[in-house]
Each structure stands twice: as C-alpha cells, then as structure tokens.
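Enquirer: If you scroll down you'll find the structure; I have some questions about it.
Numbering (the numbering used here), first residue to last: 1 to 193.
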C-alpha cells in the first residue's frame with residue numbers, strides 16, 4: 001500500500017463515501033436528502049486532516065487512515081482556509097448537520113480519551129474495502145502492515161463490523177447510544193501482551 005498524494009484526497013473521499021454509504025449512522029447525522037454529498041464532504045475534511053497517514057492499494061480497492069503514535073494530524077481549521085472548500089462544505093453539508101457531526105465527534109473523543117493512548121496505540125480513523133473486494137484478507141492485511149503488534153483503537157457504528165473486529169482480536173470497550181446511533185469503541189491489545 002502507498003500513501004495517498006494530495007491530489008488523491010477527492011478520490012479517497014469518494015471511495016470512503018462508497019464504502020460507508022449504507023451505514024445507518026450517516027442517515028442519522030445527515031438525514032436522507034443529499035446524504036451521499038454530505039458524506040463526501042465530511043470525508044474530504046477527514047481525509048485532508050489525515051492525509052499524512054491515509055493509504056491506498058493499487059486501484060483504491062482498500063483504503064485506510066491509520067494514525068500511529070508518530071503521525072501528526074493536520075488541523076481541521078486549515079482545511080477551511082480554502083474558501084472554495086469552505087463554501088462547498090457548508091453548502092453541501094449544511095450548518096445544522098455540521099453542528100450535529102461536531103457534537104458526535106466531541107462525544108466520540110470523550111469516549112476515546114478513556115481507552116486510546118496516543119503514545120502507544122494505533123488509531124483507526126477510517127478503514128474499508130470496496131464491496132467487490134471484501135473477504136480477501138485486505139482489512140487484516142492493512143492492520144498488520146501499519147500497526148503490526150501495537151495496540152489498536154477504533155470506533156464503529158455497524159454491528160457487522162463489530163463481529164469482524166472481534167474475530168481480529170478486538171474487544172468492546174464501551175457502547176454509547178447517541179441520538180439514534182450506536183457508537184461502539186473497540187480496542188485490540190498489543191499482540192505480545
């Protein structure tokens with residue numbers, strides 16, 4: 001896998017939108033109207049901030065933003081210094097939905113602070129495999145390539161993902177019911193523990 005280039009942020013955002021399009025949590029955050037456009041712009045902001053640790057395979061079949069202890073995230077406010085992105089983001093996402101998404105992120109950060117140690121853990125910001133390439137071990141491969149034996153923290157809102165991550169050695173740390181979203185914090189301890 002290779003790190004995405006700055007000119008691939010839009011493509012990565014489109015692929016993440018495709019991968020997560022059926023997740024109910026995004027319907028709660030953004031409603032049904034224009035949901036995919038809203039998701040795309042949310043991912044544009046997320047991938048922009050995580051571009052230093054966002055990786056893709058050959059044809060964007062698998063994609064991940066995995067933050068290791070040595071990685072630095074770009075501040076979100078720098079994404080909004082570009083007036084073209086700023087205007088497009090709020091026109092597509094909407095102020096109300098952006099506020100709801102921020103409230104969700106604040107809640108998730110509060111939960112993460114209990115279980116995620118940025119000095120020792122990998123943090124899965126986003127990870128996914130396009131539907132037609134699932135079941136080939138790509139998810140497990142990404143975890144191994146970027147995290148190795150290190151402890152890993154992640155969050156999901158999808159019960160199928162919870163089952164997959166449990167098979168990969170993750171344990172549920174906490175479940176939070178938030179405005180119709182079931183937020184599941186999970187952690188895999190270091191493999192040498």
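Yeah, the Cβ is synthetic: ideal placement off N, Cα and C, and Gly gets one too.
1. With H, G and I counted as helix, E and B as strand and the rest as coil, what does DSSP make of residue 191?
2. Would you list, in sequence order, the uninterrupted alpha helix (DSSP H) runs of no fewer than 4 residues that lie entirely inside the region 131-156?
3. Could you name the residues of the same chain whose beta carbon sits closer than 6 Å to that of residue 165, not counting the 5 residues immediately before and after it, in chain order?
4. Please specify which runs of the beta strand (DSSP E), each continuous and at least 3 residues long, are wholly inside the region 92-137, giving them in chain order.
5. Got a sec? Which residues, its chain only, sit under 8 Å from residue 133 by beta carbon, not counting five neighbours each side?
6. Sorted by chain position, which residues of the same chain lie with C-beta nearer than 7 Å to residue 45's C-beta, five sequence neighbours on each side aside?
7. From the DSSP secondary-structure annotation, give me the bridge partner or partners of residue 174.
8. Short of 7 Å in beta carbon distance, which residues of its chain neighbour residue 108, apart from the five on each side in sequence? Order them along the chain.
9. Can residue 190 and residue 151 be called in contact, C-beta distance under 8 Å?
10. Give me the residue from 174, 99, 145 with the minimum Cα distance to residue 55.
11. Quick one: measure Cβ to Cβ for residue 28 and residue 181, integer angstroms, because I've assumed they're closer than 8 Å.
12. Given this structure, state the Cα-to-Cα distance separating residue 171 from residue 50, to the nearest angstrom.
13. Closer than 6 Å by C-beta to residue 121: which residues in its own chain qualify, once you throw out the five before and the five after it? Chain order, please.
14. Roughly how many angstroms separate the alpha carbons of residue 158 and residue 65, rounded to a whole number?
15. Tell me, to the nearest whole angstrom, how far the beta carbon of residue 30 is from that of residue 97; I am working on the premise that it is less than 8 Å.
16. Mapping DSSP to helix, strand and coil, what is residue 10?
17. On the three-state DSSP scale, how would you describe residue 67?
18. Taking the alpha carbon of residue 175 as the point to measure from, which residue in 169, 167, 168, 162 has its own alpha carbon closest?
19. Helix, strand or coil for residue 26? Go by DSSP, reduced to three states.
Expert: On the basis of the supplied data:
1. Residue 191 sits in coil when the DSSP states are folded into three classes, being neither helix nor strand.
2. 138-147
3. 186, listed in sequence order.
4. Those beta strand (DSSP E) runs which fall completely within the region 92-137 and span 3+ residues are 122-129.
5. 61, 62
6. The residues are 76, 79, 89.
7. 185
8. 155, 183
9. A contact, by the Cβ cut-off of 8 Å.
10. Among 174, 99, 145, the Cα nearest to that of residue 55 is on 145.
11. Residue 28 to residue 181, Cβ: 5 Å. Contact.
12. 25 Å
13. Closer than 6 Å at the Cβ level, and outside the excluded window around residue 121, lie 151, 153.
14. 18 Å
15. 5 Å
16. helix
17. Strand.
18. 162
19. helix
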